[in-house]
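Trainee: Numbering (the working numbering), first residue to last: -3 to 424. Don't be surprised by glycine CBs; every beta carbon is placed ideally from N, CA and C.
(1) Just the C-alpha distance for residue 232 and residue 358, rounded to the nearest angstrom, thanks.
(2) Helix, strand or coil: how does DSSP classify residue 0 here?
(3) Taking the alpha helix (DSSP H) that residue 116 falls in, what are its first and last residues?
(4) Please report the straight-line C-alpha distance between residue 372 and residue 25, rounded to a whole angstrom.
(5) Does any CB atom of chain C fall closer than 8 Å to the CB of residue 265?
(6) Out of curiosity, what's the CA-to-CA distance linking residue 37 and residue 1?
(7) Measure the Cβ-Cβ separation of residue 197 and residue 115 and say whether it is below 8 Å.
(8) Give me whichever residues DSSP pairs with residue 282 in a beta bridge.
(9) With a 10 Å radius around its C-beta and 16 neighbouring C-beta atoms as the bar for buried, classify residue 152 as buried or exposed.
(10) With DSSP as the reference, please indicate the residues paired to residue 80 in a beta bridge.
(11) Between the alpha carbons of residue 16 and residue 61, how many angstroms are there, rounded?
(12) Considering only residues of the same chain and omitting the five flanking positions on each side of residue 13, which have a CB-CB separation below 8 Å?
(13) Pairing CB atoms from the region 263 to 270 with CB atoms from the region 88 to 100, are three or more of them under 8 Å?
(14) Determine the burial state of residue 157: buried for a count of at least 16 other Cβ atoms within 10 Å of its Cβ, exposed for fewer.
(15) Going by C-alpha to C-alpha distance, which of 207, 123, 379, 49 sits closest to residue 112?
(16) For residue 128, does the count of other Cβ atoms within 10 angstroms reach 16, so buried, or fall short, so exposed?
(17) How about residue 335 and residue -2: are their beta carbons less than 8 Å apart?
(18) Considering residue 11, what are the terminal residues of the beta strand (DSSP E) in which it resides?
(19) Can you tell me which of the three DSSP states residue 354 falls into?
(20) Alpha carbon to alpha carbon, what distance is there between residue 43 and residue 141?
(21) Just curious, the alpha helix (DSSP H) that residue 56 is in, first and last residue?
(22) DSSP beta-bridge partners for residue 20?
(23) What did DSSP end up calling residue 335 once you bin it into helix, strand or coil?
(24) Helix, strand or coil, according to DSSP, for residue 5 in the structure here?
(25) Please determine, among 165, 364, 287, the residue with the shortest C-alpha to C-alpha distance to residue 50.
(26) Determine the extent of the alpha helix (DSSP H) in which residue 377 is found, giving its start and end residues.
(27) In three-state terms, what does DSSP make of residue 124?
(28) Could you tell me the distance, in whole angstroms, from the CA atom of residue 148 to the CA atom of residue 175?
(29) Assuming residue 354 and residue 46 make a contact with CB atoms under 8 Å, what is their CB distance in whole Å?
(30) When DSSP builds the beta bridges, which residues end up paired with residue 427?
(31) Return the chain-ordered list of same chain residues with a C-beta closer than 7 Å to the C-beta of residue 74, the five sequence neighbours on each side being excluded.
(32) Could you please give the first and the last residue of the uninterrupted alpha helix (DSSP H) stretch that includes residue 52?
(33) Starting from residue 166 and walking both ways along the alpha helix (DSSP H), at which residues does that stretch end?
(34) Which word fits residue 123, buried or exposed, when buried means at least 16 other C-beta atoms lie within 10 angstroms of its C-beta?
(35) Pick helix, strand or coil for residue 270, following the three-state DSSP scheme.
(36) Looking at C-alpha atoms only, which residue of 279, 159, 41 is the closest neighbour of residue 54?
What follows is the structure, encoded as structure tokens:
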């Protein structure tokens, strides 16, 4: 009988734990350790429990079977159809599309707060620093008035939204403020921390909630996404492809867009097109939590060592080369959570490391299993085929699945939308 059991770190590393003593078997890494072992072990256990108890823990992948069985149809055509969207730009509105039923239901919402709440829920973004129930979303109006029921919650967030412990804590408390109703905090600098898809989704949500003025007042905002703005994000540091041909299209769009009666742009994601996001953090796996893997790949692209696989003139060979580099960084840049905290660290540094470890676990646990609707993950066509041939490709990761049919979308809200459509005879 084994004398140990296993726990998992945020990036998926397995650590052994003694059953009798509950002691995590940590390496000393060649340093003197022991001063912070108890606190570090406590953080590792907490991170493991957070991941194991994700609100999405019951999500079940549906793998495409590459084998052809007698009397059954092949999944090859389904796979090829999915693979094709990475070989050419999908048509606008094809990624996480708004269904007719969803659009009709959204338009039936009569207040700004109701629409604000809906867009936040649809985005898949949840606070990882404090629990914010669905009912509290949008509790702060544009004048700063707070719903009395959530005054205490708001005060905690308001006190922390300028948190300077690290950029990640600063960003996440700002995200909480945005969820509560102060949308300007959604346009933050999360790209510094590796969670590229979350940053892009937050930015799109900011545009939806703030309306057309956000684009005209902050021309670099869409430039950051579409790669023509002369700022750090525009150079591709958030996982988005540099695409200078979009500049005129976006500028024209900014001048012609008409916000709804509440000054919002709910359907902008339908007309902006898709920019695939390279992000190696996924549901329950924070593999590139500091963004070092992506930055290394981006540096290689800038230096001409490899080609961005999303380039229109990329080839099978250039994409395979990219995948090889990615695999190398994937194996070489994993954070070694199996190594104990050195005694020569300051108490402040040790505590921040532990708290960041727990925050990464929460980010992994609360990342939607099927990704963010407006920030689709990029797969090279070849990498997608690798998963398919090994019976490891989850069909539920197809980014074309409508947002309302994704696992993280609240069932009660989905039922309301479908009931509304049935009542008003709306068919897809």
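Mentor: Result, derived from the coordinates:
(1) Residue 232 sits at position 236 when you count from the first residue of the chain shown. Residue 358 sits at position 362 when you count from the first residue of the chain shown. Reliability of the predicted coordinates at residue 232 is poor, the pLDDT of 49 falling under 50, and the value obtained from them is presented with this limitation in mind. Those two C-alpha atoms are separated by around 26 Å.
(2) For the purposes of this step, residue 0 is identified with residue 4 of the chain shown, where counting begins at 1. In the structure shown, residue 0 sits in a strand (DSSP, three-state: E or B).
(3) Stepping through the chain shown from its first residue, residue 116 is reached at position 120. 108 to 119 is the span of the alpha helix (DSSP H), which, as asked, contains residue 116.
(4) For this step, residue 372 is matched to residue 376 along the chain shown. For this step, residue 25 is matched to residue 29 along the chain shown. Between residue 372 and residue 25, the C-alpha separation is close to 38 Å.
(5) The chain inventory of the structure shown lacks chain C, comprising one protein chain alone.
(6) Within the chain shown, residue 37 is the residue found at index 41, counting from 1. Within the chain shown, residue 1 is the residue found at index 5, counting from 1. Distance between the alpha carbons of residue 37 and residue 1: 14 Å.
(7) For the purposes of this step, residue 197 is taken as the residue at position 201 of the chain shown. For the purposes of this step, residue 115 is taken as the residue at position 119 of the chain shown. In this structure, residue 115 does not lie closer than 8 Å to residue 197 by Cβ.
(8) Numbered from 1 along the chain shown, position 286 holds the residue referred to as residue 282. Partner(s): 277.
(9) Taking the chain shown and counting its residues from 1, one reaches residue 152 at position 156. Residue 152 is exposed by the Cβ-count criterion.
(10) Along the chain shown, read from residue 1 onward, the residue named residue 80 stands at position 84. Its beta-bridge partners do not exist; DSSP assigns none.
(11) To locate residue 16, count along the chain shown from 1; it is residue 20. To locate residue 61, count along the chain shown from 1; it is residue 65. So the alpha carbons of these two residues sit roughly 42 Å apart.
(12) Here residue 13 refers to the residue found at position 17 when the chain shown is read from its first residue. For residue 13, where only same-chain residues beyond five positions count, the Cβ hits under 8 Å are 0, 1, 2, 3, 19, 20, 21.
(13) Counting Cβ pairs under 8 Å, three or more are found: they touch.
(14) In the chain shown, residue 157 corresponds to position 161, counting from 1. By the 10 Å Cβ count, residue 157 comes out buried.
(15) On the chain shown, position 116 is the one that residue 112 refers to. Ranking 207, 123, 379, 49 by Cα distance to residue 112 puts 207 first.
(16) Here the question's residue 128 lines up with position 132 in the chain shown. So residue 128 counts as buried.
(17) Locating residue 335 in the chain shown gives position 339, counting from the first residue. Locating residue -2 in the chain shown gives position 2, counting from the first residue. For residue 335 and residue -2, no; Cβs fall outside 8 Å.
(18) Within the chain shown, numbered from 1, the residue matching residue 11 stands at position 15. First-last of the beta strand (DSSP E) with residue 11: 10 to 14.
(19) Taking the chain shown and counting its residues from 1, one reaches residue 354 at position 358. DSSP places residue 354 in helix when its eight states are reduced to three.
(20) To locate residue 141, count along the chain shown from 1; it is residue 145. To locate residue 43, count along the chain shown from 1; it is residue 47. Approximately 36 Å, taken between the alpha carbons.
(21) Reading the chain shown from its first residue, position 60 is the one you call residue 56. It is not in any alpha helix (DSSP H) - residue 56 carries neither H nor E in the DSSP assignment.
(22) Residue numbering aside, residue 20 sits at position 24 when the chain shown is read from its first letter. In DSSP, residue 20 forms a bridge with 13.
(23) The residue given as residue 335 occupies position 339 in the chain shown. Here residue 335 sits in strand by DSSP.
(24) Residue mapping note: residue 5 aligns to position 9 of the chain shown, counting from 1. Coil at residue 5, not helix or strand.
(25) Position 54 of the chain shown holds residue 50. Measuring from the Cα of residue 50, the nearest candidate turns out to be 364.
(26) Working through the chain shown from its first residue, we reach residue 377 at position 381. 377 to 385 is the span of the alpha helix (DSSP H), which, as asked, contains residue 377.
(27) As a position in the chain shown, residue 124 is number 128, starting the count at 1. It is coil, neither helix nor strand.
(28) Residue mapping note: residue 148 aligns to position 152 of the chain shown, counting from 1. Residue mapping note: residue 175 aligns to position 179 of the chain shown, counting from 1. Using only the alpha carbons, I get a separation of about 15 Å.
(29) Sequence index remark: in the chain shown, residue 354 carries index 358 (1-based). Sequence index remark: in the chain shown, residue 46 carries index 50 (1-based). That pair is a contact at about 7 Å.
(30) For the chain, the structure presents residues -3 to 424; residue 427 sits outside this window and is missing.
(31) Mapped onto the chain shown, residue 74 falls at position 78. Counting only Cβ-Cβ distances below 7 Å, and skipping sequence neighbours, we find 60.
(32) As a first step, residue 52 must be located in the chain shown, where it is residue number 56. Element bounds for residue 52: n/a, residue is neither H nor E.
(33) As a position in the chain shown, residue 166 is number 170, starting the count at 1. First-last of the alpha helix (DSSP H) with residue 166: 163 to 176.
(34) Position 127 of the chain shown holds residue 123. Per the 10 Å Cβ criterion, buried.
(35) One-based indexing of the chain shown puts residue 270 at position 274. Correct three-state label for residue 270: coil.
(36) By 1-based counting over the chain shown, the position of residue 54 is 58. Comparing Cα positions, the closest option is 279.
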